Amino acid sequence: MQLLSLYPIGYPLPISTANLTLNLQVSIYNPNKGTFIVQDGGIACLYYNGAQVGFTPVPTGFIPAESFSTISIPLTVQGSAPLQGLYLQADIVDGILQVSTTVTIVGKVTTLNLFTHHADVVSKCNINVSFNSRGIQSYTCQHSFSIDP
Numbered sequence: 040m041q042l043l044s045l046y047p048i049g050y051p052l053p054i055s056t057a058n059l060t061l062n063l064q065v066s067i068y069n070p071n072k073g074t075f076i077v078q079d080g081g082i083a084c085l086y087y088n089g090a091q092v093g094f095t096p097v098p099t100g101f102i103p104a105e106s107f108s109t110i111s112i113p114l115t116v117q118g119s120a121p122l123q124g125l126y127l128q129a130d131i132v133d134g135i136l137q138v139s140t141t142v143t144i145v146g147k148v149t150t151l152n153l154f155t156h157h158a159d160v161v162s163k164c165n166i167n168v169s170f171n172s173r174g175i176q177s178y179t180c181q182h183s184f185s186i187d188p
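Next comes the structure, spelled out in structure tokens:
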């Protein structure tokens with residue numbers, strides 16, 4: 040995970056808004072004997088204080104059998120309205136901007152050249168971004184997956 044930009048407008052003076060761009064590096068291991076096909080329908084979302092403030096589709100592609108692959112997903116605050124409000128003022132006082140991300144990857148894998156299974160891979164991360172260093176101070180992630188028979 041990499042912070043591409045953090046633009047607190049006015050910092051260190053009183054700040055009323057901020058823009059944020061993260062570059063998520065999602066590494067996936069495919070333990071299957073068949074290729075995992077990343078399909079349309081996957082999405083990465085950015086949240087600030089529980090509200091969705093950005094999203095982008097996950098690119099399609101392939102993850103070869105029994106191997107790792109990394110998907111790069113740039114995620115930016117969407118629209119003309121940057122992060123703002125009372126929560127932002129409190130985060131500025133603390134020096135830490137707390138955001139979260141959810142990445143859902145939709146795909147399918149064929150086993151034994153006979154059975155095709157739909158799979159969803161989900162990663163949820165909580166991220167602390169430092170205003171002072173303009174970098175990621177810490178993050179924690181939880182991962183899950185489901186396979187339809």
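For the sequence shown, the numbering used here assigns the number 40 to the initial residue and increments by one for each residue that follows.
Cβ atoms here follow ideal geometry from the backbone N, Cα and C, with glycine treated the same way.
Computed from a predicted structure; not experimentally measured.
ask   = Is there contact between the segment 92-108 and the segment 156-166, where contact requires at least three CB pairs shorter than 8 Å?
value = no
Reference N171; option with closest CA among D159, Y126, I131 and S177: I131
Can you have a look at T179 and say buried or exposed, based on whether 16 or more other CB atoms are within 10 angstroms of its CB? exposed
Quiz item: Can you list, in chain order, the residues of its chain whose CB lies under 8 Å from that of I135, leaving out five sequence neighbours each side?
Solution: N167, V168, S169, F170 and Q176
(message) For a quick check, are the C-beta atoms of L85 and V138 less than 8 Å apart?
(response) yes
Beta carbon of A104, beta carbon of N152: below 8 Å? no
Which of helix, strand or coil does DSSP assign to D187? coil
Rank T149, V77 and P188 by C-alpha distance to the C-alpha of V160 and give the top, closest one. V77
*Assign A57 to buried or exposed, taking buried as 16 or more other Cβ atoms, counted over all protein chains shown, within 10 Å of its Cβ.*
buried
(Q) Would A90 and T140 be called neighbours here (beta carbons separated by less than 8 Å)? (A) no
* **Between the CA atoms of L59 and L127 - distance to the nearest angstrom** => 12 Å
| said: Looking at the secondary structure, which residues open and close the beta strand (DSSP E) in which T169 lies? | reply: A small fix is needed here, since residue 169 is Ser in this sequence, not Thr. Residues F154 to S169.
To the nearest angstrom, how far is it from the Cα of N88 to the Cα of T115? 16 Å
* To do: Look at the alpha carbon of T99 and the alpha carbon of P113, and state the distance between them as a whole number of angstroms.
  => 14 Å
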